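Worksheet: one structure, shown below.
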Amino acid sequence: MPNFLNLKYWLLGTEANESIYARKHLLQLSLVCRFPMDKLVDPKIVASVNERSLNRLLRGVSLSQGQFSLVLVRCNSSQLRQKVLQALQVDSEIKIESLILSPYTKTLYTTLLENVEKNSPSALMILGLETLENLDIILSSTNQVRDEFRKQFNFPIIIWITDDIVTGLIRLAPDFKSWAAATIKFELTTTELLDYLKLQANTLFTLAELKIKVWEPKTQRPFKSTVSRSFPSDFGMGCNRRRELELHWQDLQNRGYELDPALEASRQFILGQDGDAHDQIEIARQHYQQSLALLQHEAGLRGYTAQGELPGQVSSVDVMTPPTSGPLVFCLRERQGIVLFHIALTYCIQATRNPNLVQILLTEAKRYFEQSQQIFQQAGRPDLVAGVISPLGEVLQRLQLWEMLQELALGGVKMHLVYGTSSQLAQDYVFMAEVALKRSEWRRALMLAKLALTILPESKPTVSQAQCLLLLARCYQYQGEWQQAKQKLELALTQIQPQYNPQLYLNILEELRDIDYQQGQYRQAFRIKKKQREIEHQYGLRAFIGAAQLQPPKQAINPSSNQGENMVTIAEEMMASCRQHDIQNLLHRLSRDDHKLIIIHGRSGVGKSSLVNAGLVPALKNTAISARDCLPVVIQSYMDWTRELEQSLASALLNCASLKYPDESIKKLWYKVIAQSSIQDWNNRNPNQSYEEIPVDCILNSSSNGIIY
Numbered sequence: 004m005p006n007f008l009n010l011k012y013w014l015l016g017t018e019a020n021e022s023i024y025a026r027k028h029l030l031q032l033s034l035v036c037r038f039p040m041d042k043l044v045d046p047k048i049v050a051s052v053n054e055r056s057l058n059r060l061l062r063g064v065s066l067s068q069g070q071f072s073l074v075l076v077r078c079n080s081s082q083l084r085q086k087v088l089q090a091l092q093v094d095s096e097i098k099i100e101s102l103i104l105s106p107y108t109k110t111l112y113t114t115l116l117e118n119v120e121k122n123s124p125s126a127l128m129i130l131g132l133e134t135l136e137n138l139d140i141i142l143s144s145t146n147q148v149r150d151e152f153r154k155q156f157n158f159p160i161i162i163w164i165t166d167d168i169v170t171g172l173i174r175l176a177p178d179f180k181s182w183a184a185a186t187i188k189f190e191l192t193t194t195e196l197l198d199y200l201k202l203q204a205n206t207l208f209t210l211a212e213l214k215i216k217v218w219e220p221k222t223q224r225p226f227k228s229t230v231s232r233s234f235p236s237d238f239g240m241g242c243n244r245r246r247e248l249e250l251h252w253q254d255l256q257n258r259g260y261e262l263d264p265a266l267e268a269s270r271q272f273i274l275g276q277d278g279d280a281h282d283q284i285e286i287a288r289q290h291y292q293q294s295l296a297l298l299q300h301e302a303g304l305r306g307y308t309a310q311g312e313l314p315g316q317v318s319s320v321d322v323m324t325p326p327t328s329g330p331l332v333f334c335l336r337e338r339q340g341i342v343l344f345h346i347a348l349t350y351c352i353q354a355t356r357n358p359n360l361v362q363i364l365l366t367e368a369k370r371y372f373e374q375s376q377q378i379f380q381q382a383g384r385p386d387l388v389a390g391v392i393s394p395l396g397e398v399l400q401r402l403q404l405w406e407m408l409q410e411l412a413l414g415g416v417k418m419h420l421v422y423g424t425s426s427q428l429a430q431d432y433v434f435m436a437e438v439a440l441k442r443s444e445w446r447r448a449l450m451l452a453k454l455a456l457t458i459l460p461e462s463k464p465t466v467s468q469a470q471c472l473l474l475l476a477r478c479y480q481y482q483g484e485w486q487q488a489k490q491k492l493e494l495a496l497t498q499i500q501p502q503y504n505p506q507l508y509l510n511i512l513e514e515l516r517d518i519d520y521q522q523g524q525y526r527q528a529f530r531i532k533k534k535q536r537e538i539e540h541q542y543g544l545r546a547f548i549g550a551a552q553l554q555p556p557k558q559a560i561n562p563s564s565n566q567g568e569n570m571v572t573i574a575e576e577m578m579a580s581c582r583q584h585d586i587q588n589l590l591h592r593l594s595r596d597d598h599k600l601i602i603i604h605g606r607s608g609v610g611k612s613s614l615v616n617a618g619l620v621p622a623l624k625n626t627a628i629s630a631r632d633c634l635p636v637v638i639q640s641y642m643d644w645t646r647e648l649e650q651s652l653a654s655a656l657l658n659c660a661s662l663k664y665p666d667e668s669i670k671k672l673w674y675k676v677i678a679q680s681s682i683q684d685w686n687n688r689n690p691n692q693s694y695e696e697i698p699v700d701c702i703l704n705s706s707s708n709g710i711i712y
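Going by the working numbering, the letters in the sequence shown line up with residues 4 to 712, in that order.
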């Protein structure tokens, strides 16, 4: 037990001298007082434990020279592991080679065999097991070929593992694990664990701050490289930083500690981001609300009100005052503002997906955005105040609060000239142009829209760019310049995809249809109207589409989600029309190797295309066949169908997040598919040759699992 008299003097010394060393020592003593059974609080004890573990590791390598032995080393901290590796290089008389596994490693045994064929090491250390994407499969295969390790390797193998890998070894490779002696462990002190969690909390909210500063909703699906998909600063599920964070949370829990409100608020915020990333809006908002409540509770304990001021004080901070805190120094007020911002975003995306509740949901979003902005203002963070202006303006625009929008945009111009981006500044002028248009100030609206378009970067499609082009088209249409208006609208359609902002996309189509109708192009106007109704039906804005091909229902993409597209579901009309049995029958046929070609036949209008597009394709996207994910590609042009198939398949591969080919380009993959499918023989055929004239035996020789016509 600690000497409480010494603790008292340390308290007095801390009040007199706020040194970092004094505060750190005080924290260690207080932790010992709270949890006297936790020996890992004392740095001396932890250093002694780690020293003994290092000696055990060195001794095991030395005694196993010339023979196979398996050494398992458990360490949950990447920083501590790096220190141990440096100590091994200094203290070991035997040269220990290192092998860092690639995340795409298929088997452990063959990887080791290929590595040691060139030169047999005295000892081999394996790192990166926690980064493997197919860890369970690799552990199972390792257990099956465990005897080959003794036959092929006559040197000690050191495998670095974490707590979750230990569980996997016990479950999937118990025989392989039994060859190792007791696992060697390296530990962090409890104080170091807490320091790490606090550092990661600062990093977490720093990244959230950057998101607010440069906030800009997506308009098109970006191409995501599967190689550089995870960043070192990412807290998403599956990334290295997140895995280590969860291991440290578990370490503290195993030692009998509970996270303080500030750290628990950070954990809840991360869980909220998980919900956002997986498009689980309600779950995300619940975690954000818990994070906000914890931050407000902690602020109350430290003498702040919910708005971040001392009781009885009134804020007098100018919004143009430069920020007073550094990038890693966050007060509780700023964190509350960040969480409020994310809560508001959840209401925004729900408003886009629920047209019947738009007014209620947008009003809630407005309230949370305003609270967030108020807290940032009180905290002296005008850079964050400026970041909230654009999303708040979009809410005011959708609520048609034009006077408030005009006032916000005028203030936004001043703020964004100092702290914002060019896109945010352009968005302010778009808001003012929209207000001018509602006031029938056509010349002013035209001038503001042109100014916004001049500010925006041409190479990057944005919502502001599409809105600018729509406003310009409306101004030109009022002036009778139909051709210019049509050009702007057609250009606007290329800047945005409906799944990112369906209402804006529909507004552009509506203006384009009106122009075609005014110019007497009735056929084209009808086609656009038909497309409008299809999109409205898909996104739940229209209940009945009429006699037309059904498409799978869609919903607007969450801008905070990491998914390229939302989950595709079977259309309700398919279920209501008893087509579920037909869909299951098709899935059963596709899962069999003896059904290479499937032909769906029936009279015109019975629903063949609807069955494929609104029933079979969504079912395939959510089904695995023979342990493989399905990538359905639909083509409807039969004249030059091989070229159409190439373009459609390349597009599907680019947009499929589950495909991981780090070393091959999409073009090489497509050529490989062509070679395997024997389609290359058809490239020299007459483009006017119809589908029925293509030899069926060529299709039957295809290596694909099934072709449906």
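All C-beta atoms in this analysis are idealised placements derived from N, C-alpha and C, irrespective of residue type, glycine included. Being a predicted model, the structure only gives us computed values, none of them experimental.
Inset, instruction - Give a yes or no on whether the C-beta atoms belonging to Trp405 and Lys369 are separated by under 8 Å. - result: Working through the sequence shown from its first residue, we reach residue 405 at position 402. Working through the sequence shown from its first residue, we reach residue 369 at position 366. No, Cβ-Cβ distance for Trp405 and Lys369 is not below 8 Å.
Legend entry - Which listed residue (Arg270, Gln500 and Leu496) has its alpha carbon closest to that of Glu514: The residue labelled residue 514 in the question sits at position 511 within the sequence shown. Checking every option, the nearest Cα to that of Glu514 belongs to Leu496.
Inset, instruction - Report all residues from its chain with a CB closer than 7 Å to the CB of Leu200; omit the five preceding and five following residues, and keep chain order. - result: To locate residue 200, count along the sequence shown from 1; it is residue 197. For Leu200, where only same-chain residues beyond five positions count, the Cβ hits under 7 Å are His251 and Leu266.
Legend entry - Met418 burial status per 10 Å Cβ neighbour count (16 or more: buried): Taking the first residue of the sequence shown as position 1, residue 418 is located at position 415. Buried: at least 16 other Cβ atoms inside 10 Å.
Inset, instruction - Give the DSSP-derived three-state secondary structure of Leu544 in the structure shown. - result: Taking the sequence shown and counting its residues from 1, one reaches residue 544 at position 541. Here Leu544 sits in coil by DSSP.
Inset, instruction - In the DSSP assignment, find the unbroken alpha helix (DSSP H) run with Pro46 in it and report its ends. - result: Mapped onto the sequence shown, residue 46 falls at position 43. Its alpha helix (DSSP H) spans residues Pro46 to Leu66.
Inset, instruction - For the alpha helix (DSSP H) containing Leu407, list its first residue and its last residue. - result: The residue you call residue 407 lines up with position 404 of the sequence shown. In the sequence on display, residue 407 carries Met and not Leu. Unbroken alpha helix (DSSP H) run through Met407: Trp405 to Val421.
Inset, instruction - Evaluate the contact criterion for the stretch 151 to 167 versus the stretch 76 to 93: three or more CB pairs, one atom per stretch, below 8 Å. - result: yes
Inset, instruction - State yes or no: is the C-beta of Ala469 within less than 8 Å of the C-beta of Leu507? - result: Residue mapping note: residue 469 aligns to position 466 of the sequence shown, counting from 1. Residue mapping note: residue 507 aligns to position 504 of the sequence shown, counting from 1. Cβ atoms of Ala469 and Leu507: closer than 8 Å.
Inset, instruction - Provide the residue(s) that pair with Pro501 in DSSP beta bridges, ordered along the chain. - result: Reading the sequence shown from its first residue, position 498 is the one you call residue 501. In DSSP, Pro501 forms no bridge with anything.
Legend entry - Reduced DSSP secondary structure (H/G/I, E/B, other) of Ile103: Start at 1 with the first residue of the sequence shown, and residue 103 comes out as number 100. Correct three-state label for Ile103: strand.
Inset, instruction - Would you kindly work out how many angstroms separate the C-alpha atoms of Gln380 and Ile341, rounded to a whole number? - result: Along the sequence shown, one-based indexing puts residue 380 at 377. Along the sequence shown, one-based indexing puts residue 341 at 338. About 12 Å.
Inset, instruction - Look up Lys532 in the DSSP assignment and say whether it is helix, strand or coil. - result: As a working note, residue 532 is residue 529 in the sequence shown. Reduced to three states, the DSSP call for Lys532 is helix.
Legend entry - Cβ pair Ile141, Thr108 closer than 8 Å: By 1-based counting over the sequence shown, the position of residue 141 is 138. By 1-based counting over the sequence shown, the position of residue 108 is 105. Yes.
Inset, instruction - Compute the Euclidean distance between the alpha carbons of Lys214 and Asp386, then round it to the nearest angstrom. - result: If you number the sequence shown from 1, residue 214 lands on position 211. If you number the sequence shown from 1, residue 386 lands on position 383. Roughly 12 Å between the two C-alpha positions.
Inset, instruction - Select from Glu195, Arg401, Gly63 and Gln427 the residue whose C-alpha is nearest the C-alpha of Gln82. - result: Along the sequence shown, one-based indexing puts residue 82 at 79. Taking only the C-alpha atoms, the option nearest Gln82 is Glu195.
Legend entry - Beta-carbon proximity of Leu91 to Phe156, cut-off 8 Å: Within the sequence shown, the letter at position 88 stands for residue 91. Within the sequence shown, the letter at position 153 stands for residue 156. Contact flag unset, no.
Inset, instruction - Please classify Lys188: does DSSP put it in a helix, a strand, or coil? - result: Here residue 188 is taken as the residue at index 185 of the sequence shown, counted from 1. Lys188: strand per DSSP, three-state reduction.
Legend entry - Three-state class that DSSP yields for Met435 in the structure shown: For the purposes of this step, residue 435 is taken as residue 432 along the sequence shown, with counting starting at 1. Residue state, collapsed to three classes: helix.
Inset, instruction - Label Gly423 either buried or exposed according to how many other C-beta atoms from any shown protein chain fall within 10 Å of its C-beta, with 16 as the threshold for buried. - result: Taking the first residue of the sequence shown as position 1, residue 423 is located at position 420. Counting Cβ neighbours within 10 Å, Gly423 comes out buried, since at least 16 surround it.
Inset, instruction - Assess, as a yes-or-no matter, whether the stretch 355 to 367 is touched by the stretch 293 to 302 under the definition of 3 or more beta carbon pairs within less than 8 Å. - result: no
Inset, instruction - Determine the DSSP secondary structure at Trp485, reduced to helix, strand or coil. - result: As a position in the sequence shown, residue 485 is number 482, starting the count at 1. Helix at Trp485.
Inset, instruction - Identify whether Ile160 lies in helix, strand or coil by the three-state DSSP scheme. - result: Stepping through the sequence shown from its first residue, residue 160 is reached at position 157. Reduced to three states, the DSSP call for Ile160 is strand.
Inset, instruction - Look up Asp632 in the DSSP assignment and give the residues it is bridged to. - result: In the sequence shown, counting from the first residue as 1, residue 632 sits at position 629. Paired residue(s): Ala627.
Legend entry - Alpha-carbon to alpha-carbon, Pro46 and Leu191: Walking along the sequence shown from the start, residue 191 turns up at place 188. Walking along the sequence shown from the start, residue 46 turns up at place 43. Using only the alpha carbons, I get a separation of about 9 Å.
Inset, instruction - Quick one: grab the DSSP three-state call for Met128. - result: Along the sequence shown, one-based indexing puts residue 128 at 125. If DSSP states are grouped into helix, strand and coil, Met128 belongs with the strands.
Inset, instruction - Pick helix, strand or coil for Arg245, following the three-state DSSP scheme. - result: Start at 1 with the first residue of the sequence shown, and residue 245 comes out as number 242. Helix, per DSSP.
Legend entry - Which of helix, strand or coil DSSP assigns to Ile141: Mapped onto the sequence shown, residue 141 falls at position 138. DSSP places Ile141 in helix when its eight states are reduced to three.
Inset, instruction - With a threshold of 16 other CB atoms inside 10 Å of the CB of Thr170, please say whether the residue is buried or exposed. - result: Taking the first residue of the sequence shown as position 1, residue 170 is located at position 167. Answer is exposed; the Cβ neighbour count stays below 16.
Inset, instruction - Put Val342 into one of helix, strand or coil per three-state DSSP. - result: Translated into the one-based positions of the sequence shown, residue 342 becomes position 339. Note: Val342 maps to helix in three-state DSSP.
Inset, instruction - Compute the Euclidean distance between the alpha carbons of Arg447 and Gln535, then round it to the nearest angstrom. - result: Sequence index remark: in the sequence shown, residue 447 carries index 444 (1-based). Sequence index remark: in the sequence shown, residue 535 carries index 532 (1-based). For Arg447 and Gln535, the distance between alpha carbons rounds to 30 Å.
Inset, instruction - Kindly list the residues whose CB is nearer than 8 Å to the CB of Glu337, restricted to its own chain and excluding five residues on each side of it in sequence; keep chain order. - result: Taking the first residue of the sequence shown as 1, we reach residue 337 at position 334. Counting only Cβ-Cβ distances below 8 Å, and skipping sequence neighbours, we find Phe208, Glu212, Ser328, Ile378, Phe379, Ala382, Arg384 and Leu387.
Inset, instruction - Taking only the alpha-carbon atoms, compute the straight-line gap between Leu399 and Glu373 and give it to the nearest angstrom. - result: For the purposes of this step, residue 399 is taken as residue 396 along the sequence shown, with counting starting at 1. For the purposes of this step, residue 373 is taken as residue 370 along the sequence shown, with counting starting at 1. The straight-line gap from Cα to Cα measures roughly 11 Å.
Legend entry - Endpoints, the alpha helix (DSSP H) within which Val169 is located: In the sequence shown, residue 169 corresponds to position 166, counting from 1. Asp166 to Leu175 is the extent of the alpha helix (DSSP H) around Val169.
Legend entry - Coil, strand or helix - Val87 by DSSP: Numbered from its first residue, the sequence shown carries residue 87 at position 84. Helix, per DSSP.
Inset, instruction - Count the CB pairs spanning the stretch 405 to 414 and the stretch 349 to 357 that are closer than 8 Å, and state whether there are at least three. - result: no
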